[in-house]
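Asker:
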Ligand SMILES: Cc1cc2nc3c(=O)[nH]c(=O)nc-3n(C[C@H](O)[C@H](O)[C@H](O)COP(=O)(O)O)c2cc1C
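Numbering (my numbering), first residue to last: 1 to 170.
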């Protein structure tokens, strides 16, 4: 699949089959995601991959948007490792994680899997339930898996801007 088709094919999947994800495939997708750039190449992104019933239940207790996926990846940033402006005004934490997340979604699509980028989760509860140290900040959840036969894009997926409406060429 060429890149343009890949980008068009991806949509937020909110219904999953219970077919397990092959371990090799999941590893390949995560490895591809890690090729994303990070500020100063500090590589602060950490994955918590929930696959066991226990871990999936914990994830579902922290977010209403895990959609019974066979796996949920909690993408985190190590705040001790990410780039921080010396005056403390800016950090790369969210940006580094999001770039990794973008590649994760597209690699999953290329490999026949669906994903959804999920911000609707409780960060404090996530830290408690998964016993995360202070420096590990959960940035977003990403359910991943084979799509259910009933899965289809939400109508919002088709709402996209015209280039000329959102671009100013100077
Ligand atoms: C930053 C961000 C946060 C999002 N949070 C959620 C969420 O918590 N729950 C959810 O179901 N979808 C969430 N989405 C998915 C968006 O609703 C979806 O990407 C958007 O409606 C466009 O649809 P599409 O992904 O199918 O193209 C999020 C997407 C982004 C980029």
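Virtual Cβ for every residue (Gly too), placed ideally from N, Cα, C.
#1: What are the boundary residues of the beta strand (DSSP E) that residue 48 is part of?
#2: So what does DSSP say about residue 140, is it helix, strand or coil?
#3: Rounding to the nearest angstrom, what Cα-Cα distance links residue 89 and residue 62 in this structure?
#4: Just to confirm the assignment, what range does the beta strand (DSSP E) spanning residue 71 have?
#5: Measuring from the CB of residue 68, is there a heavy atom of ligand 1 at a distance below 7 angstroms?
#6: Which residue comes first and which comes last in the alpha helix (DSSP H) that contains residue 3?
#7: Starting from residue 164, follow the alpha helix (DSSP H) in both directions and report where the run begins and ends.
#8: Could you pull the start and end residues of the alpha helix (DSSP H) that residue 127 belongs to?
#9: Just to confirm, are residue 16 and residue 67 a CB contact at a threshold of 8 angstroms?
#10: Please report the straight-line C-alpha distance between residue 53 and residue 80, rounded to a whole angstrom.
#11: How should residue 9 be labelled, buried or exposed, when 16 other C-beta atoms within 10 angstroms of its C-beta is the threshold for buried?
#12: Return yes when at least one heavy atom of ligand 1 lies under 7 angstroms from the C-beta of residue 120, else no.
#13: Name the one or two DSSP bridge partners that residue 12 has.
#14: Quick one: what's got a C-beta closer than 7 angstroms to residue 94's C-beta in the same chain, skipping five residues either side?
#15: Taking C-alpha atoms, which residue in 85, 101 and 12 lies nearest to residue 31?
Answerer: Reading off the structure:
#1: Per DSSP, residue 48 belongs to the beta strand (DSSP E) from 45 to 50.
#2: In the structure shown, residue 140 adopts extended strand secondary structure according to DSSP, grouped into three states.
#3: Approximately 29 angstroms, taken between the alpha carbons.
#4: Unbroken beta strand (DSSP E) run through residue 71: 71 to 78.
#5: False, no ligand heavy atom lies under 7 angstroms from that Cβ.
#6: Its alpha helix (DSSP H) spans residues 3 to 9.
#7: First-last of the alpha helix (DSSP H) with residue 164: 163 to 166.
#8: That run of the alpha helix (DSSP H) goes 123 to 129.
#9: Yes.
#10: Distance between the alpha carbons of residue 53 and residue 80 is about 31 angstroms.
#11: Exposed is the call here.
#12: Inclusion of residue 120 in the 7 angstroms shell around ligand 1 follows from its C-beta lying nearer than that to a non-hydrogen atom of the ligand.
#13: DSSP, once it has assigned bridges, lists 115 as partnering residue 12.
#14: Hits under 7 angstroms: 139.
#15: The candidate whose alpha carbon is nearest that of residue 31 is 101.
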